[in-house]
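Heads up: the protein sequence lines correspond to chains A and B, in order.
Going by the working numbering, the first residue of the first sequence is number 1, and it counts up by one from there.
Going by the working numbering, the first residue of the second sequence is number 10001, and it counts up by one from there.
Even glycine gets a Cβ: it sits at the ideal position worked out from N, Cα and C.
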Amino acid sequence: MDEIIARSNIYALLSRILLQELDEALLETLQNDPTVLEFFPHWSEWEVRKKHSNKEIIEGHLNPDFVNLSILHLVPYETFYTRSDQMIETGGANPVTDFYSAYDFLVDYEVARVVSSDHIGIELEFMHHLCEAQRKAMELNDDEAVKELKNVQHRFLNTHLLKWAPMYLINMKYEARTPLYYDAAETALEFILGDNETLSQAI
Amino acid sequence: MMYLESRRTFLKGTALTVAGAAIAKGVFSIDAAAESVKASKFTNTPDTLSFYPPLDQWDNFQELDGTDWKRGGIGRHGVRSEENPDGILVHDFMVIPTACSNCEASCGLTAWVDKKTLTVRKYMGNPLHPGSRGRNCAKGYAVQSQMYDPDRIPFPLKRAPGSKRGEGKWIRTTWDEAMTTIGKKMGDTLRVGDPLSRKLCMYHVGRPNENGFVPKVWESMGIDSYNSHTNICSANGRTPSIHFVNDDRTSPDWANAKLIFLNSSHAADAGHYFQQAAGMIADARKKGAKLVVMDPRLSNSAGIADLWLAPWPGTESAIYLYLASRILNDNLVNKAFVKRWFNWDTLMKDTDYLNYMVEKNYISKVPEGRDFESYLGMLKEMYAPYTLEFTEKETHIPAYKLEKLYEMFIWAGDAISTYIWRATAAGNRGGWMAGKSVLFLAGLRGAIGNVGGTGWYHWHDISVGGKGGSSTVGQGKSGKDVPSVKVWNELTWPPEWPLSTYEMSFLLPHLLTDTEWQKKWIARGLQVPTKLSVYAPRMYNPVWINPDGFRWIEVLKDESKMELTFNLSPVWSETNWYMDYVLPVGLAGERHDQHSEATMPARWTSFRQPVLRVALEKSGWKPKNPNRATLEAHIKAGLGEVWEENEFWFELLHSFIDPDGSLNIRTMWESKRHPGKPVTIAEWYDAAFGDNLPKLYETVMNDERYTKEEFPVYSYMRDHGAWLEEDKVYDVQERELKIEEGKVESYEHKYDAASMSVDGAGIISAVDEKGNSKKIGIQIDGKKLQGYTTPTRKLDVYTQWVAKEWKWPEYAMAIYPRNDKEKEEMVHILSHVNHYYMKEENSFALNTVFRLPYNIHTRSANSKHLMEISQNHDPIWISTKDAQRLGFKRGDAIRVKIVDTVSGLESGHFVAMAVPTEGVLPGTLACSHHGGRWKLSNHVTIPNGVTDGKVVPGVAPRDLSNKEFLKESPANVGKEGGQSIIDDYSGTTGINSFGVPVAEIQMDGKEGKLKYVEGIKGFKAERFPEYNRDSENVWWDGLSGSWQNAVAAAHPDPVSGMHCWHHKVLLEPAQAGDKIGDIYVNYENNFKVYQAWRDKLSRGLDSNSKLRRPKHIFRPWVKLDPSAYDVNIKG
């Protein structure tokens, strides 16, 4: 049970960091949560975060870096990496959307503020929801559902996230100008690769 | 390994102080939107990429609203439902087929009728249409904007009593009042009963876009006054086909050709039948075909061609004869074909003509032998002067390009498709000879009528729209009991042009006002009309599109020359402004027509329909008056009192022209099923299609969906909109005569088999139903074949009848003047804009006859999007070299002065914008004559005159699922007291507000001027506001060129009668006060120009003439009694 809670939490944390700019409440968690600080060693040691207010850190350091990494210079969308013409599929022909739809998930774009549902933050959050569903199934001792949910997670990782996210994350690591996003990229990369190993062994 | 180790680290994720669920943004929703998608049939990605649903879903097809895809589609918003009101809208469509009417090609359309509002949401193609295959050009999709044009004429208009024609004062009237007035006038005229009475009521059509219906209307009245626009369009394109093979025009097999040999931009980017042809040309090129475009202007087609040749206008024959000479010299003639199908034996037996050829220096001596090889030897000698050097000098095409053309021509073998329409033919005097030369050339390689070659119109066309006679009391099956017309109308078929192809329509105002001409022929025994009782154009706009527009205005205003006029027209036009009545009939989705065109080697037809009427009828609605069903339906759907021509004519002839039956017209249009009433649409077309298309009939009768229908064949066509009667129609001349049950059949006509005889030349004759002996075929190698329909049943490469009986011996063979002396002698086939006539430094040949692919003569100005994309696309193209020489820069206003090369007279000038370009041959200019629309007023207020709009068309919401709505129908439509209230109509209407600027004109009977005074502006559309939400977004001023047609004098070709559109012009800088668009015309001079062309060039009838015209060649529209051809001209 610990494992599924951990996986769910980490997918949630990474999806949130990679999806949108941080808000102060989340930054507060990142500043103080020992687990996060352990996951993000460079961030943990970064002197700047200790000298400025959260608002200053967000506006002066983190947001410029985030905009650079997810809007200006890098493109955190699957179809950009998987289509030969490097176009983001924003319409109905996105296979990721179909994957979500198959499980009755629909992206609320007003909340997500992305141009397409194959954004790395959305895909990671989708994994988080699958983990949550698995956790509930485990609580109800529904072994069949647990097995199926593991299969779905494995399939989603292998048909989508792993096909492209490592490339994006490696790029992000090299482009990052703040320790937070450097660590987030490094951690996310390690995590999804490792998680695939876990799932592969489990099924 | 590192990552496996690190996994242990990640287990610490359980220790996060805030649970993941609280950290995650929460971007997924599983709510009403997702449920709505699940509950619908729609998916994020389409199951198929087809534009069209299968036919069995056409009556009831649901589709997501297209504009909502901008919001991300159902992937973001779900499908609209009660639970999910913000979802994507779902439309309930009924898909009704019809056919486009914006050009002549009749591409298939489907109207997507929104059942919830009874409106057409969009027009798409018809995938069942064999020619257009579900595709359309910009004009096809524009039909919707035309349907919901805020300026469309909402009800019948009548010139206000007490006002003069052209004052612009109008009142609303009823269809009944108009038909009573028109019917009485026509009936009274016909009741006089003499031959002249059969010439005084004239119909005049631009694009007929139907096959045979209206001609049958006029035939049934015994009138020879069906007038078409052919001679301002295609007479020179048709004449060579008539001379060569006695068919109306070529019908190329583009899709299977190796060489697409275009005489212009036509077929690939504009004109006949470009949307369908372009698709087939693309198919051929995909298979490796080459495209050659000959055009002095770099058209879109030329730009993508494998070879672009820019010849001097009218010199194309020299190129063809050069190629012919090379083929003959290189021994590359397809001897099997030429020996079998050229009429070489006729020529070689004609010693008189061979002597004449020697006399004309075509050949040095009469050939000693008369066999086939001697014939080829003679041709070799005849065409030897057309050398590479000569051709380069005459045409201005570099020698290397001519060599390249020859290579391609030979490479293509017999798979050469060509078209001789507009361009060379329409622009130049003698343009028909270019056609004759290219057909001769194609024939030498055997590229006639075969797969990939050039076939013939009548092989591929279906004309049954006028053959619904079995549904009437009087006409008989297919109209066999309609009496033939016994008069000859000199206004349309004047004696100076006995071979014209066809009516000399552009001379109508000249002939009506040329009293000398009238007197001359009356004195010589002809009954020449000096006026018209009724002039009835259909959608046609002769004022603007014909040459010498001011003379048209003069005649239209003259109530002694045209006593009553009406235009069956859905839109405003320059001509309508001068009419007595403007009667709004429907556009492409608002009328019935059977329409077929020869766009491929197959016989297909489309069926044009009023789609809203069909949608209503298929939903269970029944009209109160079955004879006015289309009018009722259009009122019910909110289009206004818009009718259609078919029902109008049925009722006009039956009930208003001949109400008591004394003229023997009433029964012709009386329903057999409902005696005393006019025939209905379903009755007529069920008979027209069913009686005359056997394969269609058989198909319908074996289709259980239709066998129980009251009108099975009509219903089938209503549901499909198109039909392919015969595919892969090639080499029809090779078909053997069919002999069955004592009858022999040739080209669908039957003769008495026992009467068949074969003469020494192998020509087979037989006697027809009326006892007349006719040539029906030819015996070759012991087989009785149909052959061609020429007098020799072969290809008339030597047109003996033109030489012997019809006075043009020098042009009986393909020929082109070889030197200046011959240019003087052969003036009839030398272009009037040949460089021979360009003596001044600022003189140019102006190429006028290219089309803009998104415009179509008069029929575009009611479409906002067509107007928007065509703005300022009609400048003067001038070569950079010439522009530099004369000091013109891009955007300069220049005066283009038109000068006639026959009379030497000046016509006046128009002011146009210079655009220097490398895309035009030096010495020539290009400016399409499809520019320069104008109007005299921005708006017109139409008070209720003899009638008042008081009747509410209905109260139930316009919803085809609403039973109350389907029960309702307006009563007494078209009658006094039945005038409906028009939706959102305030009493004032704009006039072509999206495309036509306001001008002032001055005219005094001799000189005319036009100056634009106000461009168009955005406005808030009151009518059809849903469709005109962007009517305020107008950024263009509407000036799309100059009205150059008004400056142009009439140039009747002496042989074909074609108005030769090109001009010799002199360029001058604009003068103070000149603005682009200005014109000045000396139309008194223009009258003299017409007379000069007539008197100096034509070879008309004289006291030796016995016939008005050769009987064997096509004379379209009405069936003439043989006696009508007889003539006796006093000395």
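Neighbourhood of residue i by C-beta distance below 7 Å, restricted to the same chain and skipping five residues each side
i	result
N11104(B)	none
S10484(B)	K11119, L11120 and D11121
D10176(B)	G10974, K10975 and E10976
Y10003(B)	Since pLDDT at Y10003(B) reaches only 42, below the 50 mark, its modelled position is unreliable, and no value is offered.
Between the CA atoms of residue j and residue i - distance to the nearest angstrom
i	j	result
I170(A)	V11034(B)	51 Å
L10354(B)	P10498(B)	25 Å
A10803(B)	G10525(B)	26 Å
P10161(B)	T10173(B)	11 Å
K11009(B)	Q11002(B)	5 Å
D10397(B)	N10331(B)	The question names Asp, but residue 10397(B) is Ile in the sequence shown. Between I10397(B) and N10331(B), the C-alpha separation is close to 25 Å.
K10839(B)	G10435(B)	28 Å
A10602(B)	D10188(B)	45 Å
A112(A)	V10143(B)	41 Å
N10209(B)	K10881(B)	43 Å
K11111(B)	T10790(B)	11 Å
A10637(B)	H10091(B)	18 Å
Y77(A)	P166(A)	12 Å
P10817(B)	K10380(B)	17 Å
T10917(B)	K10889(B)	10 Å
H11062(B)	G10931(B)	15 Å
Residue i classed as buried or exposed, judged by whether at least 16 other C-beta atoms fall within 10 angstroms
i	result
F40(A)	buried
L13(A)	buried
L10016(B)	buried
Y11012(B)	buried
L140(A)	exposed
M87(A)	exposed
S84(A)	exposed
F10051(B)	exposed
Close-in-space but distant-in-sequence residues of the same chain around residue i (CB under 6 Å, 5 per side omitted)
i	result
F10213(B)	G10465 and G10466
C10137(B)	Q10275
S10036(B)	G10078, V10079, S10081, N10084 and G10087
P10509(B)	R10551, W10552 and V10555
D65(A)	R177, T178 and Y181
P10053(B)	F10061
Minimum Cβ-Cβ distance from residue i to chain B less than 8 Å
i	result
A102(A)	no
L49(A)	Note on identity: in this sequence residue 49(A) is Arg, with Leu being the wrong assignment. So, not an interface residue.
Y181(A)	no
D67(A)	The sequence as given places Val at residue 67(A); Asp does not occur at that position. Chain B, which has no Cβ nearer than 8 Å to the Cβ of V67(A), makes this no.
F105(A)	yes
I10(A)	yes
E148(A)	no
Closer than 8 Å to chain A by CB, residue i
i	result
I10023(B)	yes
V10090(B)	no
F10390(B)	no
A10399(B)	no
V10018(B)	yes
Proximal residues to residue i (C-beta, below 8 Å), its chain only, five neighbours per side dropped
i	result
L27(A)	N54, I57, I58 and L62
task = Flag this pair as touching only if the region 10690-10702 of chain B and the region 10665-10672 of chain B have three or more C-beta atom pairs under 8 Å; answer yes or no.
result = No, the region 10690-10702 of chain B is not in contact with the region 10665-10672 of chain B.
ask   = How do the region 10439-10449 of chain B and the region 10720-10736 of chain B stand: do at least 3 beta-carbon pairs fall below 8 Å, yes or no?
value = Touching, per the Cβ criterion.
key: Segment contact, 8 Å Cβ cut-off, at least three pairs: the region 10938-10954 of chain B with the region 10896-10904 of chain B   = Contact fails: fewer than three Cβ-Cβ distances are below 8 Å.
request  = May I ask you to verify whether the region 10824-10834 of chain B touches the region 10372-10383 of chain B, counting CB pairs closer than 8 Å and requiring at least 3?
outcome  = With the rule of 3 Cβ pairs closer than 8 Å, the region 10824-10834 of chain B does not count as touching the region 10372-10383 of chain B.
query = Counting pairs of beta carbons, one from the region 10921-10933 of chain B and one from the region 10845-10863 of chain B, are three or more of them closer than 8 Å?
reply = Contact between the region 10921-10933 of chain B and the region 10845-10863 of chain B is present, with at least three C-beta pairs closer than 8 Å.
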